[in-house]
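A short worksheet on the structure shown next.
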Amino acid sequence: MKKSKKRHTLNYLLTPDKIFSSFTDITPELLASYRIKALVIDIDNTLAPYEQDLPDEKTLEWFASLSENRIKAALISNNSPERVEKYNSLLSLPAYPNAKKPSTKAILAAMEKMGAAREETAGLGDQLLTDTLAVHRLDMLSLIVPPINDKKSLFFRLKRWLEKPFIKRYHKLHKED
Ligand SMILES: [Mg+2]
7 MKKSKKRHTL
17 NYLLTPDKIF
27 SSFTDITPEL
37 LASYRIKALV
47 IDIDNTLAPY
57 EQDLPDEKTL
67 EWFASLSENR
77 IKAALISNNS
87 PERVEKYNSL
97 LSLPAYPNAK
107 KPSTKAILAA
117 MEKMGAAREE
127 TAGLGDQLLT
137 DTLAVHRLDM
147 LSLIVPPIND
157 KKSLFFRLKR
167 WLEKPFIKRY
177 HKLHKED
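Everything in the sequence shown is counted per our numbering, starting at 7 for the first residue and increasing by one.
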């Protein structure tokens, strides 16, 4: 990413840097090509649907491949300590519930714990208004996956509607990719 004073525009803050169809597409090789050595990862609808309380086999394998390639990871969730502790019971990662993203506080704490610098850390999530905004406030790389199993409430539909122009902008910017 180029450094410029204009980067904290709404367009910059809310447009993800890369969209993947699933987190499993984010391989250690790909992260190495971005010079990323650490990930701060959202749980709900990024790794698992709300109602799934533990990581499945494919998720455990993905985390094992990160670890084998010395890529550090931390869980940053706006959900409750109960949800996060249970999900993390099979992973034992640094985990931060009640993160209040787009607050950057938990992300900064996780990076300090992992000994990871901003330029070598990426955020992975499913929501532009929380996940992308939080990491772009820190000038970090934002990786996004579509929500695994979106809630159908009016509030969630409103959030997705607000995200639309930035998803469109992403696709316009990445037309040639
Ligand atoms: Mg989420």
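Even for Gly, the Cβ is constructed at its ideal location relative to N, Cα and C.
These numbers were taken from a predicted model, which means no experiment stands behind them.
Counted within 10 angstroms of its Cβ, other Cβ atoms place residue i as buried (16 or more) or exposed
i	result
A44	buried
N17	exposed
L27	Per the sequence presented here, residue 27 reads as Ser, with Leu not at that position. Classification of S27: exposed, given that the 10 Å Cβ count is below 16.
D145	exposed
N75	exposed
S83	buried
N51	buried
A128	buried
A38	exposed
T15	exposed
Cut-off 6 Å between Cβ atoms - residues of its own chain near residue i, not counting five sequence neighbours on either side
i	result
F172	L20, T21, L134
I150	P22, I25
A101	L81, V90, N94
Of the listed residues the options, nearest to residue i (C-alpha basis)
i	options	result
K4	K157, R124, V151	Nothing in the structure corresponds to residue 4, since the chain is present only between 7 and 183.
K64	Y56, D23, P153, L96	L96
Q58	V90, K119, T138	V90
E169	L139, L60, R143, E182	L139
Limits of the unbroken beta strand (DSSP E) element including residue i
i	result
L127	The residue you asked about is not Leu; residue 127 is Thr in the sequence shown. Segment 127 to 131, the beta strand (DSSP E) holding T127.
K181	From DSSP, K181 is part of no beta strand (DSSP E); its letter is neither H nor E.
L66	It is not in any beta strand (DSSP E) - L66 instead sits in the alpha helix (DSSP H) that spans 63 to 74.
L45	44 to 47
K78	78 to 82
Boundaries of the alpha helix (DSSP H) in which residue i is found, first to last residue
i	result
I113	111 to 120
A54	No alpha helix (DSSP H) holds A54; DSSP gives it neither H nor E.
A140	139 to 143
8 Å Cβ shell around residue i - same chain, five flanking residues per side excluded
i	result
D62	A54
L66	L96, L97
Neighbourhood of residue i by C-beta, 7 Å cutoff - its chain only, sequence neighbours within 5 removed
i	result
I49	L81, S83, N85, V90, Y93
A122	K43, A44, K78
K8	Confidence at K8 is low in this model, with a pLDDT of 49, below 50, so its placement is unreliable and no value can be given for it.
- Item | Contained beta strand (DSSP E) runs [length at least 3] in the segment 146 to 174, N- to C-terminal order | 147 to 150
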